[in-house]
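Chemist: Residue numbers (my numbering): 851 to 988.
All C-beta atoms, glycine included, are put in the ideal place defined by N, C-alpha and C.
After the structure tokens below, expect a handful of questions from me.
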């Protein structure tokens, strides 16, 4: 270190594309894996292979159409595989790919963080709402 150099530099915790444009693909990927239905499908499939109706029953509030779109998008992204068995009616099973499984520890970390901070966030929201009556921020 030179005499005039007194600061320690460390790499940023989160890399940015830098120029405000998403040339590095972060937004595209986060849009997919960050939506609530994709996260719920990944959480459920982390438990093992599931049939379509099993997924739908396990994910409270998801419509058949939204589940279809979600698993197709995850399949397109290489996170989920879809296997169709030639039965009457056809039996379809979904499971995480190795890349999909590599996402599960991150989803678990986010879920753990959420559970650990839920009460503090709820209290902060109560204080903010009391200080900002009439606000439509939710």
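Are the beta-carbon atoms of residue 950 and residue 930 separated by less than 7 Å?
Modeler: Here residue 950 refers to the residue found at position 100 when the chain shown is read from its first residue. Here residue 930 refers to the residue found at position 80 when the chain shown is read from its first residue. Against a cut-off of 7 Å, the Cβ pair of residue 930 and residue 950 comes out as a contact.
Chemist: Please report the Cβ distance between residue 927 and residue 877, rounded to the nearest whole angstrom; I am assuming they are in contact, meaning their Cβ atoms lie under 8 Å.
Modeler: Indexing the chain shown from 1 puts residue 927 at position 77. Indexing the chain shown from 1 puts residue 877 at position 27. Residue 927 to residue 877, Cβ: 14 Å. No contact.
Chemist: Return the first residue and the last residue of the alpha helix (DSSP H) that residue 892 is part of.
Modeler: One-based indexing of the chain shown puts residue 892 at position 42. Run containing residue 892: 886-895, per the alpha helix (DSSP H) assignment.
Chemist: Between residue 977 and residue 912, what straight-line distance do the alpha-carbon atoms span, to the nearest angstrom?
Modeler: Position 127 of the chain shown, counting from 1, holds the residue named residue 977. Position 62 of the chain shown, counting from 1, holds the residue named residue 912. Computed Cα separation, rounded: 32 Å.
Chemist: Given 8 Å as the limit, is there contact between the stretch 955-966 and the stretch 937-946, that is, 3 or more CB pairs closer than that?
Modeler: No, the stretch 955-966 does not touch the stretch 937-946.
Chemist: When you compare the CB of residue 891 with every CB in chain D, is at least one pair closer than 7 Å?
Modeler: Protein chains in the displayed structure number just one, and chain D is not present.
Chemist: Let me know if residue 915 comes out buried or exposed under the rule of 16 or more other beta-carbons within 10 Å of its beta-carbon.
Modeler: Residue mapping note: residue 915 aligns to position 65 of the chain shown, counting from 1. Classification for residue 915: exposed.
Chemist: Since residue 887 and residue 920 should fall inside the 8 Å C-beta cutoff, what is the C-beta to C-beta distance between them, to a whole number of angstroms?
Modeler: Here residue 887 is taken as the residue at index 37 of the chain shown, counted from 1. Here residue 920 is taken as the residue at index 70 of the chain shown, counted from 1. Contact flag correct, Cβ pair sits at about 4 Å.
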